[in-house]
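To start, the structure itself, in structure tokens.
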Ligand SMILES: [Zn+2]
């Protein structure tokens, strides 16, 4: 697709990066409402009967300022995997006999609520031994320093996101980085193994984690998806990264799709269908590629728009 680029669109891309750099911190700042300045309201794509714009996707992901902080009722998703995040920002707890793993500490301001959700489920926040994250934006990983302070957990991060994490210093705290991993590395605790898949594009170190869990004697592939949301302006490097990432995520063994924002796996809708003794709505093999379908369609629409503008 590189052939579609003209020198002018590259110039525009560079300007766009500057604009994006100015906009992104405002979007990611703790508990803000997403306004029309954060992303454009074009192009529009329709996937499975629903229409999306970049702004619509961002609003869907972030919700209101209140949605970002308000704890969602903590619940078991499948097997030993639990939800402990807010209404629009995911945090997952994986329970093992040797301590627990936390994926995404959200904003620092969310950490006490996460700890409370863990306790509500009957577990101890102090038993978190490993902290992982999906990507180096503060609405997913700003809480690492406080969560480590409260638990003593080891913070494991993807190499390509280290620079962004090192710059993330809530209240001037140094971002803890105890172990740096690369694509394909695994993290194990108490019989649970998680595999890190580099799915770059949204950030350079965007990491999709996979594991397996068991429920009622059956084994399930669980995918903790990293956002595949394209930036407003796509550089050649991001284009190459996202093309690779869509291929990677589509090939992952998946029965239970999850994401760094609950909207990416329609958590509210599925949670509402939870019934004692009923089928587990989070087991959704058919839904494993839905988010990739939406984001890939938008990615191509943005590329087309960029190409035809000049
Ligand atoms: Zn993000």
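In this note's numbering, the protein residues as written are 301 to 610.
Ideal placement from N, C-alpha and C gives every residue a C-beta, glycine not left out.
One question on the structure: do residue 401 and residue 492 come within less than 8 angstroms of each other, judged by their Cβ atoms?
One-based indexing of the chain shown puts residue 401 at position 101. One-based indexing of the chain shown puts residue 492 at position 192. Yes. Within cutoff.
Return the chain-ordered list of same chain residues with a C-beta closer than 6 angstroms to the C-beta of residue 403, the five sequence neighbours on each side being excluded.
Here residue 403 is taken as the residue at index 103 of the chain shown, counted from 1. Counting only Cβ-Cβ distances below 6 angstroms, and skipping sequence neighbours, we find 392, 432 and 524.
Which whole runs of the alpha helix (DSSP H) in the segment 464-512 are 4 residues long or more, in chain order?
Entirely contained in the segment 464-512, not one alpha helix (DSSP H) run reaches 4 residues.
Report yes if the C-beta of residue 600 is less than 7 angstroms from at least one heavy atom of ligand 1; otherwise report no.
Residue 600 sits at position 300 when you count from the first residue of the chain shown. Because no heavy atom of ligand 1 lies under 7 angstroms away, the Cβ of residue 600 does not count as near it: no.
Which residues are close to ligand 1, meaning CB closer than 6 angstroms to any heavy atom, in chain order?
435, 437, 502 and 527
Measure the Cβ-Cβ separation of residue 461 and residue 505 and say whether it is below 8 angstroms.
Here residue 461 is taken as the residue at index 161 of the chain shown, counted from 1. Here residue 505 is taken as the residue at index 205 of the chain shown, counted from 1. In this structure, the beta-carbon distance from residue 461 to residue 505 falls below 8 angstroms.
Within 10 angstroms of its Cβ, does residue 303 collect 16 or more other Cβ (buried), or is it exposed?
Reading the chain shown from its first residue, position 3 is the one you call residue 303. Summary for residue 303: the model assigns pLDDT 38, below 50, so the residue's position carries little reliability; its value from the coordinates is reported in the next sentence. Residue 303 should be labelled exposed.
Would you please state the rounded distance, in angstroms, between the beta carbons of residue 425 and residue 450? I believe it to be under 8 angstroms.
The residue labelled residue 425 in the question sits at position 125 within the chain shown. The residue labelled residue 450 in the question sits at position 150 within the chain shown. At roughly 6 angstroms, the Cβ-Cβ gap stays under 8 angstroms, so residue 425 and residue 450 are in contact.
On the DSSP bridge assignment, give the partners of residue 421 in chain order.
In the chain shown, residue 421 corresponds to position 121, counting from 1. Looking at the DSSP assignment, residue 421 forms no beta bridge with any residue, so it has no partner.
To the nearest angstrom, how far is it from the Cα of residue 244 to the Cα of residue 472?
Outside the modelled stretch of the chain, which goes from 301 to 610, sits residue 244, for which no answer is possible.
Are the segment 539-551 and the segment 589-605 in contact at 8 angstroms, needing three or more beta carbon pairs?
yes
Mind checking whether residue 418 and residue 456 have CB atoms under 8 angstroms apart?
Indexing the chain shown from 1 puts residue 418 at position 118. Indexing the chain shown from 1 puts residue 456 at position 156. Cβ distance not < 8 angstroms, so residue 418 and residue 456 don't count as in contact.
CA-CA distance, residue 358 and residue 554?
Position 58 of the chain shown, counted from the first residue, corresponds to residue 358. Position 254 of the chain shown, counted from the first residue, corresponds to residue 554. Put simply, the backbone Cα of residue 358 is about 25 angstroms away from that of residue 554.
Tell me which residues share the same chain as residue 515 and place their Cβ nearer than 6 angstroms to its Cβ, disregarding the 5 neighbours each side in the sequence.
Position 215 of the chain shown, counted from the first residue, corresponds to residue 515. The residues are 378 and 379.
Thinking C-beta only, is residue 411 closer than 8 angstroms to residue 386?
For the purposes of this step, residue 386 is taken as the residue at position 86 of the chain shown. For the purposes of this step, residue 411 is taken as the residue at position 111 of the chain shown. Contact flag unset, no.
How many Å lie between residue 363 and residue 372 at the Cα?
Position 63 of the chain shown holds residue 363. Position 72 of the chain shown holds residue 372. Cα to Cα, the separation comes out at about 13 angstroms.
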